[in-house]
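See below for the structure under consideration.
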Amino acid sequence: MPVTIKTDEELNLMRKAGELLAQVHEELHDALRPGISTLELDAIGEEAIRSRGGIPNCKDYEGYPASVCISVNDEVVHGIPKAETILKEGDVVSFDTGLIYKGYHSDAARTWGVGKISPEAEKLIEVTRQSFFEGIKYAKAGNRLYDISKAIDKYVTPFGYGIVRELTGHGIGTELHEEPYVPNFRQLFRRGILLKPGMTLCVEPMITMGKRKIAFLDDDWTVVTLDGSIAAHYENTIAITPDGDPEILTIIK
Ligand code: MF3
Ligand code: CO
35 MPVTIKTDEE
45 LNLMRKAGEL
55 LAQVHEELHD
65 ALRPGISTLE
75 LDAIGEEAIR
85 SRGGIPNCKD
95 YEGYPASVCI
105 SVNDEVVHGI
115 PKAETILKEG
125 DVVSFDTGLI
135 YKGYHSDAAR
145 TWGVGKISPE
155 AEKLIEVTRQ
165 SFFEGIKYAK
175 AGNRLYDISK
185 AIDKYVTPFG
195 YGIVRELTGH
205 GIGTELHEEP
215 YVPNFRQLFR
225 RGILLKPGMT
235 LCVEPMITMG
245 KRKIAFLDDD
255 WTVVTLDGSI
265 AAHYENTIAI
275 TPDGDPEILT
285 IIK
């Protein structure tokens, strides 16, 4: 499928889908505390989505069993919520979730600490978040897609962290995953497609405190770091605007 350009009407629906998702993330963050299970958090997230008229887009995606991907500590993405996974002070938790509103998808991820976490973990979370903002400085009409990838890499690499390569950001619209794929690391000898107003993208750096190599758990979903180091993830759905900075659709304005 080619890269889609959204009309103003479609962008309005994507704005709404994004705004609702930002509220869902706020509810998830408010619910996060020591003693809660990731299954309970998934139920809170699912209810937050459905009560707003959204449909969870993770649920049943290629058989994924929950509405919110919840990844703890060395889990990078696609962790499966479980009654047995009880969170404790010091854990690092990533929520990755999305919804469909009137046929249009939104997708966003956040990493938080449970109670007090180590300064090293705080820094990883902050650098991961900032890397998104460094990347989207280049998400402008007339620039090229991999300018974003390069900016993320350039910002993150000096910290000595790993950038996950096997998973990327993506286009989004009437499908959760559309063309183009948005890598978080520098692409050699290619600058990627020309960015145009009305393109909607998910930019989502996944950063590890140690090495970048990942592995799958036996559940066929959970992505963990091979070296057991903790990971962070930050994602928003953005729209390329006719001029200037992109519009971030999945934050509360
Ligand atoms: N929201 C995530 C993404 O960016 C995960 C999709 S749902 C899952 O792709 F089923 F794959 F977990
Ligand atoms: Co995504």
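Sequential numbering from 35 applies to the sequence shown in our numbering. Yeah, the Cβ is synthetic: ideal placement off N, Cα and C, and Gly gets one too. Here the structure is a predicted model, which is why all the values come from computation and not from measurement.
Where residue i falls, given that 16 or more other Cβ within 10 Å makes a residue buried
i, result
"GLU269", "buried"
"SER140", "buried"
"THR17", "Residue 17 falls outside the range modelled here, since the chain spans only 35 to 287, and no answer is possible."
"GLY169", "buried"
"LEU62", "buried"
"ASN46", "exposed"
Extent of the continuous beta strand (DSSP E) to which residue i belongs
i, result
"LEU235", "234-237"
"THR131", "126-135"
"SER105", "102-106"
"THR38", "THR38 -> no beta strand (DSSP E), and no H or E assigned at all."
"PHE250", "248-250"
"VAL198", "VAL198 -> no beta strand (DSSP E), and no H or E assigned at all."
Residue i versus residue j - alpha carbon distance
i, j, result
"ASP125", "THR119", "11 Å"
"ASP277", "LEU54", "25 Å"
"THR191", "LEU235", "23 Å"
"ILE182", "PRO214", "13 Å"
"ILE227", "ARG67", "42 Å"
"ASP130", "ILE197", "17 Å"
Simplified DSSP state of residue i, which is helix, strand or coil
i, result
"GLU96", "helix"
"VAL161", "helix"
"ASN270", "strand"
"GLU145", "Before going further, note that residue 145 is Thr rather than Glu in the sequence given. It is a strand residue."
"ILE217", "Here residue 217 turns out to be Pro, not Ile, going by the sequence shown. Three-state result, PRO217: coil."
"PHE166", "helix"
"GLY79", "helix"
"PHE223", "coil"
"PRO276", "coil"
"PRO90", "strand"
Start-to-end residues for the alpha helix (DSSP H) that takes in residue i
i, result
"ALA65", "42-65"
"ALA185", "179-190"
Check whether the segment 205-224 touches the segment 248-267, taking contact to mean three or more Cβ pairs, one atom from each stretch, closer than 8 Å. no
Does the segment 136-155 come into contact with the segment 180-199, if we say contact requires no fewer than three beta-carbon pairs (one atom in each stretch) closer than 8 Å? no
Flag this pair as touching only if the segment 70-84 and the segment 98-105 have three or more C-beta atom pairs under 8 Å; answer yes or no. yes
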